[in-house]
Amino acid sequence: MAKKRRTNRPADGSLPASSPKRVATEMSHLDGLPEELLDIVVRQLDTKDLNNMVRVSHKLHRIAEPHLYASYHNPIKKVTEYEQFQLLHRTLVRRPDLANRMHSVKLKWEPMWSGGVFLHKNYISEVKPAKHVQELLQAAKCVAMGHEDKAIFLRHLEEGTEGAEVTLFLALLPNLRRLTIGVNVWGLIDRSLIRLLKATTASQAITASTPFSNLCTLKLNNNFLWPHESAATLISFLTLPSLRKVHCKYIIFDRPQQWPIQKSNVSRVVFEQIDGEIEDVVGFCNACKALNTLSVDWTEVDHTPTDFAELPTALLLHRDSLETLVLDITDKGSVEWDDTTPLLQGGLKPLHRLRFLSVTFSFFLGSSYEEIESTALLDWFPVSLEVLAINSEVTYESSFHNFLKFLAGAGRAAMPKLRRIEVPREPNGIIKDSEDEETWEDILESLGPIFKSWSVELVSKTSNHFANATPPHVRPLQDLRLPTIFVNTIKWSMVLASQHHSH
Numbered sequence: 001m002a003k004k005r006r007t008n009r010p011a012d013g014s015l016p017a018s019s020p021k022r023v024a025t026e027m028s029h030l031d032g033l034p035e036e037l038l039d040i041v042v043r044q045l046d047t048k049d050l051n052n053m054v055r056v057s058h059k060l061h062r063i064a065e066p067h068l069y070a071s072y073h074n075p076i077k078k079v080t081e082y083e084q085f086q087l088l089h090r091t092l093v094r095r096p097d098l099a100n101r102m103h104s105v106k107l108k109w110e111p112m113w114s115g116g117v118f119l120h121k122n123y124i125s126e127v128k129p130a131k132h133v134q135e136l137l138q139a140a141k142c143v144a145m146g147h148e149d150k151a152i153f154l155r156h157l158e159e160g161t162e163g164a165e166v167t168l169f170l171a172l173l174p175n176l177r178r179l180t181i182g183v184n185v186w187g188l189i190d191r192s193l194i195r196l197l198k199a200t201t202a203s204q205a206i207t208a209s210t211p212f213s214n215l216c217t218l219k220l221n222n223n224f225l226w227p228h229e230s231a232a233t234l235i236s237f238l239t240l241p242s243l244r245k246v247h248c249k250y251i252i253f254d255r256p257q258q259w260p261i262q263k264s265n266v267s268r269v270v271f272e273q274i275d276g277e278i279e280d281v282v283g284f285c286n287a288c289k290a291l292n293t294l295s296v297d298w299t300e301v302d303h304t305p306t307d308f309a310e311l312p313t314a315l316l317l318h319r320d321s322l323e324t325l326v327l328d329i330t331d332k333g334s335v336e337w338d339d340t341t342p343l344l345q346g347g348l349k350p351l352h353r354l355r356f357l358s359v360t361f362s363f364f365l366g367s368s369y370e371e372i373e374s375t376a377l378l379d380w381f382p383v384s385l386e387v388l389a390i391n392s393e394v395t396y397e398s399s400f401h402n403f404l405k406f407l408a409g410a411g412r413a414a415m416p417k418l419r420r421i422e423v424p425r426e427p428n429g430i431i432k433d434s435e436d437e438e439t440w441e442d443i444l445e446s447l448g449p450i451f452k453s454w455s456v457e458l459v460s461k462t463s464n465h466f467a468n469a470t471p472p473h474v475r476p477l478q479d480l481r482l483p484t485i486f487v488n489t490i491k492w493s494m495v496l497a498s499q500h501h502s503h
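In terms of UniProt numbering, the sequence shown opens at residue 1 and continues consecutively.
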């Protein structure tokens with residue numbers, strides 16, 4: 001009698017516990033499930049599970065393969081991972097249908113630390129020359145570039161320059177919608193990507209097959225390396241017609257930049273921990289036609305109101321579109337001047353569509369402890385505000401204390417749409433100088449019920465970092481997800497079926 005084949009259950013804690021009475025679903029049973037249901041399931045599978053699924057049957061291969069190639073994220077830390085990148089590159093050259101399926105790419109090369117500086121590993125010198133280099137060159141000849149630029153591009157590609165390979169890889173993806181360029185790719189990209197972007201944006205007829213013609217979201221993380229390359233590449237991306245969202249982290253603008261004027265369709269911008277001149281933030285604002293969201297978190301600020309003088313004008317360009325504004329200089333160096341002049345003179349009242357504002361008090365109070373009239377402060381804020389968040393310490397700012405009291409007493413007439421105020425709380429409490437002294441916590445405790453009486457929530461937090469919080473009205477909806485136990489059961493069935501199929 002034939003011996004029964006034993007199937008070993010993979011060591012995966014996310015899979016349901018096995019039972020001796022459970023019979024593995026046959027391939028025919030999986031094939032019998034509705035395609036709509038299988039499509040929902042595969043959206044919740046990771047790459048490993050998708051690889052199992054494509055081996056089960058022709059039907060499951062057809063359903064899973066587009067999802068398997070929908071995104072690419074493989075940090076390059078060693079030679080074997082670079083070889084995998086080369087194999088994927090070759091596959092996309094040979095299978096344009098799969099290249100059309102890729103919507104999201106995250107690129108990240110890890111550096112090597114030596115002698116107190118970052119050095120890039122020369123992966124090409126450690127990897128045998130790609131057997132498919134002629135295929136890459138043939139594909140690169142179809143990429144639209146100027147004659148001189150293409151000659152340089154082809155030469156770099158033939159020499160095995162990583163930057164040229166990355167540029168060609170991206171040029172093969174006509175439906176790319178989300179691109180993240182990680183910490184250390186800037187030094188690899190050299191100028192090839194900028195040449196490609198220049199050719200794309202200069203094209204008079206951008207079609208669906210043009211590189212980056214569908215790119216909507218761009219994330220750049222520079223880690224303070226290669227500042228000029230990062231700024232130049234960012235500006236090159238800005239004028240792509242499809243680009244709508246930009247998120248930059250650790251970006252340095254180390255020299256004056258030539259920003260386009262009112263040429264960009266970008267509507268949502270987040271600068272996280274940037275180290276740059278105020279004029280570059282102004283330049284970015286001037287480059288966009290209609291900003292909906294602007295968030296700026298400086299790593300270090302050492303400026304005066306004079307340096308910020310052009311920022312209000314740049315913001316007012318977006319008075320008919322700007323709904324979310326975050327300006328954070330909390331604990332980011334010294335902002336020193338001698339008078340009470342706010343950093344943003346004139347206020348934000350003309351921004352009549354602004355709904356969410358997170359701001360450091362220096363922007364509207366100035367730096368000294370001189371008293372400012374509450375009515376004058378009220379005139380600084382737009383009446384359209386729904387959420388006001390103060391992202392800096394205001395424990396000892398008596399002008400702001402008086403403003404809160406004034407606002408609570410004025411009621412709905414002062415800010416008719418206001419529904420939430422977020423302020424920082426002193427993390428370690430406050431020691432009173434006398435029994436009768438009114439502390440910041442006393443003020444918050446007394447004002448809370450008053451604000452609540454006209455449907456405004458007064459929230460105090462121990463953390464001062466409000467800049468990275470997602471405004472309540474722009475939080476994304478959750479994707480449709482099936483119950484975990486149901487998905488895991490099908491995953492387990494597919495693993496067993498793929499093992500059975502491999503035998």
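Every residue gets a Cβ at the ideal spot worked out from N, C-alpha and C, and that includes glycine.
Given the structure is predicted, the values throughout are model-derived calculations rather than measurements.
List the residues that DSSP assigns as beta-bridge partners of residue i.
{"i": "C288", "result": "S264"}
{"i": "R178", "result": "S104, T217"}
{"i": "F364", "result": "Note: F364 sits in no beta bridge, so no partner."}
{"i": "H73", "result": "K106"}
{"i": "V387", "result": "F356, R420"}
{"i": "L377", "result": "Bridge partners of L377: none, in fact."}
{"i": "C248", "result": "L220, F271"}
{"i": "T293", "result": "R268, T324"}
With a threshold of 16 other CB atoms inside 10 Å of the CB of residue i, please say whether the residue is buried or exposed.
{"i": "A231", "result": "buried"}
{"i": "I329", "result": "buried"}
{"i": "Q86", "result": "buried"}
{"i": "P382", "result": "buried"}
{"i": "P424", "result": "buried"}
{"i": "T313", "result": "exposed"}
{"i": "V166", "result": "buried"}
{"i": "L164", "result": "The question names Leu, but residue 164 in the sequence shown is Ala. Counting Cβ neighbours within 10 Å, A164 comes out buried, since at least 16 surround it."}
{"i": "E323", "result": "buried"}
{"i": "C288", "result": "buried"}
{"i": "D280", "result": "buried"}
{"i": "Y123", "result": "Bear in mind that a pLDDT of 46 at Y123, under 50, signals an unreliable position, so the number given afterwards is only what the model happens to contain. So Y123 ends up on the buried side."}
{"i": "S453", "result": "exposed"}
{"i": "P96", "result": "exposed"}
{"i": "H147", "result": "exposed"}
{"i": "D261", "result": "The residue you asked about is not Asp; residue 261 is Ile in the sequence shown. Its Cβ having fewer than 16 others within 10 Å, I261 is exposed."}
{"i": "D39", "result": "exposed"}
{"i": "L137", "result": "exposed"}
{"i": "T360", "result": "buried"}
{"i": "S362", "result": "buried"}
{"i": "S392", "result": "buried"}
{"i": "L240", "result": "buried"}
{"i": "T233", "result": "buried"}
Under 6 Å Cβ to Cβ from residue i, same chain only, skipping five residues before and after it: list those, please.
{"i": "H61", "result": "V54"}
{"i": "D149", "result": "R195"}
{"i": "A202", "result": "none"}
{"i": "A316", "result": "The amino acid at residue 316 is misidentified as Ala; the sequence shows Leu. Here the set comprises P350."}
{"i": "H132", "result": "R90"}
{"i": "W380", "result": "G347, F364"}
{"i": "A64", "result": "V42, L50, M53, V54"}
{"i": "S374", "result": "N402, F403, F406"}
{"i": "T293", "result": "R268, T324"}
{"i": "G448", "result": "L458"}
{"i": "R319", "result": "P350, L351"}
{"i": "L388", "result": "L357, I421"}
Within the same chain, show all residues whose beta-carbon is closer than 8 Å to that of residue i, passing over the 5 residues directly before and after it, in chain order.
{"i": "I443", "result": "H401, L404, K405"}
{"i": "T210", "result": "A144, P174, T200, S203"}
Short of 7 Å in beta carbon distance, which residues of its chain neighbour residue i, apart from the five on each side in sequence? Order them along the chain.
{"i": "Y69", "result": "L98, R101, M102"}
{"i": "T299", "result": "Q273, I274, D275, K332"}
{"i": "A140", "result": "F153, L154, L157, L168"}
{"i": "F308", "result": "I278, L343, L344"}
{"i": "L385", "result": "L354, R355, L357, M415, K417, L418"}
{"i": "I235", "result": "Q257, W259"}
Below 8 Å on the Cβ atoms is my guess for residue i versus residue j; work out the distance and round it to an integer in Å.
{"i": "V42", "j": "H73", "result": "Not really, about 17 Å apart at Cβ, beyond 8 Å."}
{"i": "V93", "j": "L172", "result": "7 Å"}
{"i": "S264", "j": "L238", "result": "4 Å"}
{"i": "T193", "j": "L215", "result": "First, the amino acid is wrong: residue 193 is Leu here, not Thr. Contact doesn't hold; Cβ gap of about 12 Å is too wide."}
{"i": "C248", "j": "F271", "result": "5 Å"}
{"i": "E422", "j": "I390", "result": "7 Å"}
{"i": "residue 504", "j": "K106", "result": "Because the chain here runs from 1 to 503, residue 504 falls outside it and cannot be looked at."}
With a cut-off of 8 Å, does the C-beta of residue i fall near any C-beta of chain B?
{"i": "Q262", "result": "In the structure shown, chain B does not exist; there is a single protein chain."}
Less than 7 Å between the CB of residue i and some heavy atom of the ligand ZN, yes or no?
{"i": "K263", "result": "Absence of the ligand ZN from the depicted structure is noted, as is the absence of any ligand whatsoever, leaving it without description."}
Discussion item. Check whether the segment 43 to 53 and the segment 82 to 96 are in contact - that is, three or more C-beta pairs closer than 8 Å.
Written reply: no
Fill in: Validate contact between the segment 344 to 353 and the segment 401 to 418 using beta carbons, cut 8 Å, 3 pairs
In this structure the segment 344 to 353 does not touch the segment 401 to 418; the number of beta carbon pairs closer than 8 Å is below three.
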